[in-house]
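Engineer: For the sequence shown, position 333 (counting from the first letter as 1) is numbered 555 according to this note's numbering, and the numbering increases by one without interruption. Ideal Cβ placement from N, Cα and C applies to all residues, glycine included. Only a predicted model underlies this, so the values are computations on that prediction, with no experimental measurement involved. Have a look at the structure that comes next, please.
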Amino acid sequence: MDMTSQDYITSIAALNSTQLTGDALHRANNSRNSTMEDMHVYLQRLGLAESLPKLPILHVAGSKGKGSTCAFAEAVLCKQGVRTALFTSPHLVRVNERIRLNGEPLTDKQWSLHFWTVWNRLQDRRSTGLQRSADASLLKSSSSSAASGASTTRIAEPDVTPGYFRLLTLLAFWVAISEQVDVLILEVGVGGRFDATNVVPKPVACAITTLDLEHTDLLGSTIEEIAWEKGGIIKPGTPCFLEPQPTEYQSSILRVLRACVLDAPGAELHVVKPLPGDVKLGIAGDFQAMNAALALALVREYNVYSRRCSRSTIEGSVAEGIVQDPRAESCVAWVDVYPYISTDRPAVSQGLQSCTWPGRCQRLDWGSSCSFFIDGAHTVESIQSAVAWFKGQALSRPRALLFYCGEGKTAPELLAHLVTLGSATSSTPYSKFSLAFFCPVDCAKPTLSRARSARALLLEHNEGFSHARQLDQSVLHALCDAVENMNAQNSSNTPSLLWQQTLRDTWRILSAYRLFAQDKESENESISGIGFSDSNAEVREGGGHGGRVTKWSSWIELADQQTRSKVFPSVAAAMGEIDAMTNIEPFDVLVTGSLYLVGNVLNYVERIPSPFSNSKKK
């Protein structure tokens, strides 16, 4: 093993040692409002406190589409000859992917050189000449510029070594400044207001992609709370570009973001129009037209900043029907970026067409008998987009699902959209999943959430629905009873796989519920009009749950016949099963949910060609 490889491996071990778990993670989550103060101290220790404000930065927050938006911006800027750095998260296969220079991930040599420089400077306080009193003074002064007025001054200095994401953020700043790039494209990690990336004092421009309920245990349980977190990246004197938001959330989101703009003197809020459908993009999916438009708004703003083009290049007008607060009429406007394409057509068009972003609407053929359709989707809207994209693919082969999401996610609603992918009465072959596989990922972000039963998840999830979308509680309980009884008779649960078993149980219950509902609809009955009180009483009189489960287990069994579901102990085990089954019959496999799962699958396919095909992957 050469020195570069050894340095790289050792650096990854050092980085991984900064990940927080258990009580340490809990304390970190509870002290999020000190992030800006801590980051200012770390920047001072690295000698970046004066350099960072001079670095042109494009800052991107949102719930879905952040990575794609950053990738489009990077691709166009590179085609324009701009020297770029890009920081995104999470990585799919190798951590180097998080920091890119001019469109390429850092090499192992570049990574090792920059990582150890940052690591050693943080470890050796003497290298900066700082004393404890100086840090304390900095902490006091930085509190006034923190993202929230709720932040309080802390005298205690932060740990010598920052946590995992903070360290990577500092490394990205160091790389961008050391390599003397023209612009850094910076993706928020989680939220925005208290995210480590928000230490940037004044970006050239910022952007907010589509918002959805996500990370509710950390960011809040309402769309208004989440919008407030995202709007924290809006800085005084800085334009912020916004994607059109989901109809049901639009007015609430705009109200919150307008307030954020009013709190940042000189800031502007612009809603960006999607690109026309005939604009060719390198990333698949109709919804990418919106992400590409948002990216062009950022690119245009950077070019205005660097005097590469004039502000009149893009036409804008006040958005009628959206602005309702008279005080905010001047800070919400529609922006059409399509005219910008014609100002630099070769570079812009080539950048949009050449852009790639692994794990987003990506088709990957694994030999001749298996095609993976891969799209990381961790919110309700992103799973809807993934389903729409997958449904648009050829229906020529049986379909399988490989799914994982973290324990803090809204698993029932994500799975509900996958369950409804194909209608049970559809005459189109292979419209439904024949197989549904669930497995843990090789490495996931630490979480404080605990695995719950399918019953607990479904009931909690059901309470959050509007009345029209709620599932019948009696039917839910009956199907949960049936699944729990069937599991008890075939007990093979492994403690480490309890969450995967919960996902499978949730899938089976939702599938059975849908079949039951369709059956009643065919009889011109609605579920809400069915009375279960009499039948439930008969069961109780019959002694325990036996009769009740027998009645409802037939719906679970029917669902199992339509889609065979299974839990695997690892991604490798699930991939082995997929490999074996495609030797018998070709399959199209949708891989969705967590980006950690996406990364594991991409890594596996890259390393291990299918033994049942003529694949020559290395």
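According to DSSP, is Q784 part of a helix, a strand, or is it coil?
Structural biologist: helix
Engineer: Go ahead and label I778 buried or exposed: buried means 16 or more other beta carbons lie within 10 angstroms of its beta carbon, across all protein chains shown.
Structural biologist: With 16 or more other Cβ atoms within 10 Å, it is buried.
Engineer: Looking only at its own chain, which residues have a Cβ that is under 8 Å from the Cβ of P458, when we skip the five neighbours before and after it?
Structural biologist: So the list reads K424, A486, P487, G488 and A489, once near-sequence residues are dropped.
Engineer: So L680 and I731 are supposed to be a Cβ contact under 8 Å. How far apart are they, rounded?
Structural biologist: About 6 Å separates the two Cβ atoms, so the contact holds.
Engineer: Under 6 Å Cβ to Cβ from A511, same chain only, skipping five residues before and after it: list those, please.
Structural biologist: P496 and L497
Engineer: Between Y560 and H683, what straight-line distance do the alpha-carbon atoms span, to the nearest angstrom?
Structural biologist: 40 Å
Engineer: Taking S256 as part of the beta strand (DSSP E), name the residues at either end of that continuous run.
Structural biologist: No beta strand (DSSP E) contains S256, which DSSP labels as neither H nor E.
Engineer: At the level of alpha carbons, what is the spacing between F754 and T642?
Structural biologist: Legend: pLDDT at F754 = 33, less than 50; position of this residue unreliable, no value from coordinates given.
Engineer: Which residues in the same chain as A658 place their Cβ atom closer than 6 Å to its Cβ, once the five residues preceding and following it in sequence are excluded?
Structural biologist: Annotation for A658: L623, W729, T785 and S787 place their beta carbon closer than 6 Å to its own, counting only its chain and skipping 5 residues before and after.
Engineer: Whole-angstrom Cβ separation of F660 and F625, contact assumed at under 8 Å?
Structural biologist: 6 Å
Engineer: Taking DSSP as the reference, what is the three-state secondary structure of E319?
Structural biologist: In the three-state reduction of the DSSP assignment, E319 falls in the helix class, which pools H, G and I.
Engineer: In this structure, does DSSP put R388 in helix, strand or coil?
Structural biologist: helix
Engineer: Flag this pair as yes or no: are the beta carbons of L389 and T240 separated by less than 8 Å?
Structural biologist: yes
Engineer: What number of angstroms, rounded off, separates the C-alpha of A710 from the C-alpha of D703?
Structural biologist: 11 Å
Engineer: Report the rounded CA-to-CA distance for C627 versus S718, giving the unit in angstroms.
Structural biologist: 15 Å
Engineer: Say whether chain D places a C-beta atom closer than 8 Å to the C-beta of S653.
Structural biologist: You won't find chain D in this structure, because it holds only one protein chain.
Engineer: Which term fits V382, buried or exposed, when burial requires 16 or more other beta carbons within 10 angstroms of its beta carbon?
Structural biologist: exposed
Engineer: Tell me the residue span of the beta strand (DSSP E) that contains S591.
Structural biologist: Segment: none, S591 is in no beta strand (DSSP E) and carries neither H nor E.
Engineer: Within 8 Å, do at least three Cβ pairs link the segment 398-414 to the segment 292-301?
Structural biologist: The segment 292-301 makes contact with the segment 398-414: 3 or more CB pairs, one atom from each, lie closer than 8 Å.
Engineer: Which one of P461, P275, G269 and C665 has the shortest CA to CA distance from A519?
Structural biologist: P461
Engineer: Say whether the segment 255-263 touches the segment 471-483, bearing in mind that this needs 3 or more beta-carbon pairs closer than 8 Å, one atom from each stretch.
Structural biologist: no
Engineer: State the CB to CB distance for the pair P286 and E603, rounded to an integer number of angstroms; the pair is presumed to be in contact (CB under 8 Å).
Structural biologist: The residue asked about is misnamed: residue 286 is Lys in this sequence, not Pro. Contact holds; Cβ gap of about 6 Å.
Engineer: Count the other C-beta atoms from every protein chain shown that fall within 10 angstroms of the C-beta of Q584, then say buried if there are 16 or more, exposed otherwise.
Structural biologist: Buried, by the Cβ-count rule.
Engineer: Could you please give the first and the last residue of the uninterrupted beta strand (DSSP E) stretch that includes E409?
Structural biologist: V405 to E409
Engineer: Going along the chain, which residues of its own chain have a beta-carbon closer than 8 Å to the beta-carbon of Q196, five neighbours each way excluded?
Structural biologist: In the structure as shown, the chain starts at 223 and stops at 840, and residue 196 therefore has no counterpart that could be examined.
Engineer: Nearest by alpha-carbon distance to T601: which of S675, Q615 and I448 is it?
Structural biologist: Taking each of S675, Q615 and I448 in turn and checking the Cα distance to T601, the smallest one comes out for I448.
Engineer: Along the chain, where does the beta strand (DSSP E) that runs through R621 open and close?
Structural biologist: R621 to Y626
Engineer: Can you tell me where the beta strand (DSSP E) holding L464 begins and where it ends?
Structural biologist: Where L464 is concerned, the enclosing beta strand (DSSP E) stretches over P461 to L464.
Engineer: Looking at the structure shown, is I731 part of a helix, part of a strand, or coil, going by DSSP?
Structural biologist: helix
Engineer: Beta-carbon separation of F463 and A418 under 8 Å?
Structural biologist: no
Engineer: Along the chain, where does the beta strand (DSSP E) that runs through F790 open and close?
Structural biologist: Note, F790: premise wrong, no beta strand (DSSP E); not H, not E.
Engineer: Roughly how many angstroms lie between the CA atoms of L819 and R829, to the nearest whole one?
Structural biologist: 15 Å
Engineer: Kindly indicate which three-state DSSP category E436 falls into: helix, strand or coil?
Structural biologist: coil
Engineer: Can you name the residues that DSSP bridges to G598?
Structural biologist: G815
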